[in-house]
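Per UniProt numbering: the sequence shown = residues 1 to 357.
All residues carry an ideal CB built from backbone N, CA and C; glycine is no exception.
The next block holds one structure in the form of C-alpha cells; read it before the comments.
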Amino acid sequence: MTQRIAVIPGDGIGKEVMPEGLRALEAAASRFGIVLELAHFDFASCDYYAEHGQMLPDDWFETLKDFDAIFYGAVGWPATVPDHISLWGSLLQFRRRFDQYVNLRPCRLLPGIKSPLADRKPGDIDFYVVRENTEGEYSSVGGRMFEGTEREVVIQETVMTRHGTDRVLKFAYELAASRPRKKLTSATKSNGIAITMPWWDERVAEMGRRYPDVAVDQFHIDILTANFVMHPDWFDVVVASNLFGDILSDLGPACTGTIGVAPSANINPEGTFPSLFEPVHGSAPDIAGKGIANPIGQIWSGAMMLEHLGHREAADAIVAAFEAVLAEGDRAVLTPDVGGSGTTESLGRAIATRLAG
Ligand code: NAD
Ligand code: IPM
Ligand code: MN
C-alpha cells in the first residue's frame, strides 16, 4: 500500500530529528510492505521566511491537502522571526485549516529512562493528554487600543463553541472507554474563569451521559499540575482546552524524564484533511546544531502516523524498537537528555537497526 507523506523538517533540531524519524519509518515500511512516497518541503520554517517574507507559499493549502499525512519537525527561530509570526504563519494555520481539532499526546515513562519523580517506574506514568486544538484560548479575537499610552489596553478573547468542544470531548470519552481503566480527567478552572470553564464542565457532564462506563473526575488546572507531579499514576485520559492542554503536555513528559521523547498527533478524525504528526518539543535553539537532540519524539510521532493510517503492526514495531534500545541502556548510543553520551544519529540508527530485525 502506498502512503503519500508531506515531510516538513522546519527549524533548529526539527532538521536534525527528521532524518531519524524518516530512517525509522523507512525501516518499518520495508519490513511491513508499506510503500512510502515522501514529498519534501522547505516551507513552514524561518529559513523560508528569510527568503520569501512569509512562512508559507500562497498555494500551501492546495499543495498539502491531498497528502495522506503531514510529518512535521519543529518550527520557530526567535532570534530571527518573532514566535507569534512564525507559529501563526505555519503550524497553527495547519491545525486550523485542516481542522485537526484533536491533539493527542501520549505520556509514558519508558523503560531505561529515569523519572525526576522519586521512585516512579514504567507503568506508573501512562496516560494521554487530549488537547482541544483549534479554538479556546488560542484565538485571534481581540485587539490593542491606546497603543503606547498610559491607558493602553489589550484584549484577547477565549472562544469555545459547542460544536468544537463536544467533538473533542467525544474523542476523549471514546479513548477512555477503549482503555482498561476507563478513566477521564477534565482540566478546568471554573472557580476563577467563571463563564467559559463552568460551561466546559457542563459539556463534559452532558457528553458523559453517553459513556456510563467511563469514570470522570475534574480538577482545577492549578492543582492538576501539582497532581501530575505528586500522583501521575492517577491519570488515564486527560482532556483539556487548548492552552491547558499545551501546558499539561510539556509537564507530563517532563515527569517521564525528558520532553525529547514526547510525540503528538494533530488529528482530523473525519479524514477530510490530512492529519499532522510532530514531536511535542520545539526547535530547541539552545542545543540546535550540536547533533544531540533526542530523536524519539519524532520517531514515536512517525509511529502514531502509521497507526493513524491503519498500519498498527508497523507502529507497534517502532515503539517496541525504541523501548528495546532504551531498555538496553547503552550510554554511547543514548542522547544526553536520557543520560547518554551519544548523538541524535547514534540513537536513531540503533532504533532503525533494531526495527530491521
Ligand atoms: P523547546 O521544546 O524547543 O525546548 C525546551 C527545552 O527542551 C530546551 O532546553 C531544549 O534543549 C530541550 N529539548 C527540546 N527538545 C529536545 C530533544 N528532542 N532532545 C533533547 N532536549 C530537547 O521549547 P522552547 O525553547 O520554548 O521553544 C523554542 C522554539 O520552538 C520557539 O520558537 C518556540 O515557539 C518553538 N516551539 C515549536 C513547537 C512546535 O513546532 N510544535 C513546539 C514548542 C516550541
Ligand atoms: C505545541 C507548541 C505550540 C502550541 C506553539 C509553538 C504555538 O507549544 O505544539 O505544543 O502552543 O500549540
Ligand atoms: Mn507546547
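DSSP bridge partner residues for residue i (one or two, in chain order)
i: M145; result: V153
i: F71; result: V7, F277
i: C107; result: F127
i: E132; result: V102
i: H220; result: T188
i: A240; result: R131
i: N266; result: N103, L276
i: T2; result: V35
i: V159; result: G136
i: H40; result: V7
Min CB distance residue i to chain D below 8 Å
i: I267; result: Within the model displayed, chain D is absent; a lone protein chain is all it includes.
Contacting residues, own chain, Cβ-Cβ under 8 Å from residue i (five flanking each side not counted)
i: E157; result: S139, V141, G142
i: F32; result: H311, E313, A314, A317
i: D68; result: Q3, R4, I5, P274, L309
i: L243; result: G136, E137, Y138
i: A177; result: Y211, D213, V214
i: R179; result: D236, V237
Residues near residue i by beta carbon distance below 6 Å, same chain, minus five either side
i: G112; result: L326, A327, G329
i: A265; result: L104, F277, M304
i: A262; result: P253, V280, G297
i: L38; result: I5, V7
i: W300; result: P263
i: D59; result: none
i: A29; result: L36
i: P9; result: K15, M18, G73
i: L22; result: none
i: D83; result: G76
i: D126; result: R108
C-beta atoms of residue i and residue j nearer than 8 Å
i: G164; j: Y101; result: yes
i: E307; j: A320; result: no
i: I221; j: T272; result: no
i: D337; j: T258; result: yes
i: L175; j: V130; result: yes
i: Y72; j: V238; result: no
i: A44; j: V7; result: no
i: T335; j: I292; result: yes
i: R95; j: F61; result: no
i: L109; j: K121; result: yes
i: R331; j: G339; result: yes
i: A27; j: A356; result: yes
i: P295; j: E20; result: yes
i: A288; j: I70; result: no
i: A79; j: G302; result: no
Closest Cα partner of residue i within the set the options
i: T344; options: V280, D222, M18; result: M18
i: V333; options: A320, A352, W77; result: A352
i: L64; options: H40, Q54, G76; result: H40
i: D236; options: L243, F228, N242; result: F228
i: I155; options: E137, G12, A44; result: E137
i: R354; options: S341, R179, E323; result: E323
i: I195; options: T335, G339, T161, W88; result: T161
i: S283; options: V214, K15, Q3, K182; result: K15
i: V81; options: R23, D11, D68; result: D11
i: L117; options: A215, P198, M230, E132; result: M230
i: T185; options: G148, V159, D233; result: D233
i: V159; options: T149, N268, T134, R144; result: T134
i: D47; options: F219, I267, S86, I193; result: S86
i: W88; options: L56, H52, P180; result: L56
i: D217; options: L248, G245, K182; result: K182
i: I223; options: P198, A79, S190; result: S190
i: I247; options: Y49, D66, E132, Y173; result: E132
i: N268; options: F171, D83, G342; result: F171
i: G245; options: P106, D99, Y49, G53; result: P106
i: D99; options: D201, I193, V168; result: V168
i: G260; options: A205, L347, D201, D66; result: L347
Contact set for residue i: own chain, Cβ-Cβ below 7 Å, skip 5 residues either direction
i: D166; result: R203, M207
i: M1; result: I34, V35
i: F146; result: E152, V153
i: L251; result: T225, F228
i: residue 360; result: Nothing about residue 360 can be read from this structure; the chain reaches only from 1 to 357.
Check: Can you list, in chain order, every residue whose CB sits closer than 5 Å to a heavy atom of ligand 1?
Finding: Ordered along the chain, the selected set is A74, V75, G76, P78, D83, G260, H281, G282, S283, A284, D286, I287, A293, N294, D337.
Note to self: Can you tell me which residues fall inside 5 Å of ligand 2, judged by beta-carbon distance to its nearest heavy atom, and keep chain order?
What the structure shows: Every residue with a CB closer than 5 Å to a heavy atom of ligand 2 is listed here in chain order: L87, D246.
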